[in-house]
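Student:
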Amino acid sequence: MIQFNNVMKFYRTKGRVKIVLNHVSTAFETGSSYGLFGVNGAGKSTLLRLAAGTELPNSGRVIRTSRVSWPLGFSGGFHPEMSGRDNMKFVARAYGADLREVSNFVEDFSELGDYLDAPVGTYSTGMGMRLAYALSMAIEFECYLIDETIAVGDARFQRRCEDAFNQRRKTADLIMASHSIETIRSYCSRAAVLVDGNLLMFNAVDDGIEVYNRLNR
Numbered sequence: 005m006i007q008f009n010n011v012m013k014f015y016r017t018k019g020r021v022k023i024v025l026n027h028v029s030t031a032f033e034t035g036s037s038y039g040l041f042g043v044n045g046a047g048k049s050t051l052l053r054l055a056a057g058t059e060l061p062n063s064g065r066v067i068r069t070s071r072v073s074w075p076l077g078f079s080g081g082f083h084p085e086m087s088g089r090d091n092m093k094f095v096a097r098a099y100g101a102d103l104r105e106v107s108n109f110v111e112d113f114s115e116l117g118d119y120l121d122a123p124v125g126t127y128s129t130g131m132g133m134r135l136a137y138a139l140s141m142a143i144e145f146e147c148y149l150i151d152e153t154i155a156v157g158d159a160r161f162q163r164r165c166e167d168a169f170n171q172r173r174k175t176a177d178l179i180m181a182s183h184s185i186e187t188i189r190s191y192c193s194r195a196a197v198l199v200d201g202n203l204l205m206f207n208a209v210d211d212g213i214e215v216y217n218r219l220n221r
């Protein structure tokens, strides 16, 4: 379960305050997969980073009682001066994963070859996402966070991503942010709609879709 207790999250930009979560208290329950809806700029990516712990709230607490991934494909947490391999080892140790198993999986899946021993700061965006995706699939999480896409790279690599993701989701929950209603329907059983700093929770995906469609009229 991921629980938000009176969470406040805002940004100050150019003298203005953008509120993403306005003292929100709710829970993403274990055993359910959630589709996260919201208009552009509502703060869906920020909410996922809060759920992952890669970003902190201004006030309140986010409590995780299960092993939660970082947003799929998110490579912003890598140290740019460390090699891909050293970043991989650090993450594997942090999550208590078997280093040899993780290393073998990432080497095979990422297809980065010798670039694994190069500093991540020299990677292209696509290379960084390959490393991040491979690493997120190498470690078994109980809840995966997906920000818009379940696959990266060219068509062949995307198929590998989708196959690996479908295998993982057999035993894991999801929180998926997407503008694609059909994708949410395919993967999720419940819905959440982020609007004006509030997070509206729905036990049925179609109820969330109805509210989201009204916001987009």
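Position in the sequence shown (from 1) plus 4 gives the number in the numbering used here. Each residue gets a CB set at the ideal place from its N, CA and C atoms; glycine is no exception.
Would you grab the beta carbon distance between Ile179 and Ala55 for me? Rounded to a whole angstrom, and I think it's under 8 Å.
Tutor: With a Cβ gap of about 6 Å, Ile179 and Ala55 count as contacting.
Student: To the nearest angstrom, report how far apart Val28 and Tyr216 are at their CA atoms.
Tutor: So the two alpha carbons sit approximately 19 Å from each other.
Student: When the Cα atoms are used, what is the spatial distance from Lys174 to Gly19?
Tutor: Approximately 46 Å, taken between the alpha carbons.
Student: Applying the criterion that 16 or more other CB atoms from any shown protein chain within 10 Å of the CB defines a buried residue, is Lys48 buried or exposed?
Tutor: Buried is the call here.
Student: What would DSSP say about Thr58, mapped onto helix, strand or coil?
Tutor: In the structure shown, Thr58 sits in coil (DSSP, three-state: anything other than H, G, I, E or B).
Student: Quick one: complete beta strand (DSSP E) runs, 3+ long, within the region 71-128?
Tutor: Listed in chain order, they are 72-75.
Student: For Met180, which three-state DSSP category applies?
Tutor: Of the three classes helix, strand and coil, the one that applies to Met180 here is strand, per DSSP.
Student: Going by C-alpha to C-alpha distance, which of Ser190, Gly88, Asp167, Val43 sits closest to Val124?
Tutor: Ranking the options by Cα distance to Val124, first place goes to Gly88.
Student: Name the DSSP beta bridge partners of Gln7, please?
Tutor: According to DSSP, Gln7 bridges with Ala31, Ile67.
Student: According to the neighbour-count rule (16 or more other Cβ atoms, all chains shown, within 10 Å of its Cβ), is Ala208 buried or exposed?
Tutor: Looking at its Cβ environment, which holds fewer than 16 other Cβ atoms inside 10 Å, Ala208 is exposed.
Student: Given that a residue counts as buried once 16 or more other Cβ atoms are within 10 Å of its Cβ, and exposed if not, what is Lys13?
Tutor: The residue is buried, with at least 16 neighbouring Cβ atoms inside 10 Å.
Student: Write down the C-beta distance between Arg172 and Tyr148 rounded to the nearest angstrom, noting that I regard them as a contact closer than 8 Å.
Tutor: Yes, they are in contact, since the Cβ atoms of Arg172 and Tyr148 sit about 7 Å apart, within 8 Å.
Student: Measure the Cβ-Cβ separation of Tyr137 and Tyr127 and say whether it is below 9 Å.
Tutor: Contact: no.
Student: Along the beta strand (DSSP E) that carries Phe41, what are the first and last residues, could you check?
Tutor: 38-41 is the span of the beta strand (DSSP E), which, as asked, contains Phe41.
Student: Cutting at 6 Å between CB atoms, please list the residues of its own chain near Ala143, excluding the five before and the five after it.
Tutor: Looking at the sequence itself, residue 143 is Ile, so the reference to Ala does not match. Taken in chain order, the residues that qualify are Tyr99, Ala101.
Student: Tell me whether Ser63 is buried or exposed, calling it buried when 16 or more other Cβ atoms sit within 10 Å of its Cβ.
Tutor: So Ser63 ends up on the exposed side.
Student: Between which two residues does the beta strand (DSSP E) carrying Ile150 extend?
Tutor: 147-151 is the extent of the beta strand (DSSP E) around Ile150.
Student: Would you mind sorting Val21 into buried or exposed? The rule is 16 or more other CB atoms within 10 Å of its CB.
Tutor: By the 10 Å Cβ count, Val21 comes out exposed.
Student: Count the other C-beta atoms from every protein chain shown that fall within 10 angstroms of the C-beta of Ser182, then say buried if there are 16 or more, exposed otherwise.
Tutor: By the 10 Å Cβ count, Ser182 comes out buried.
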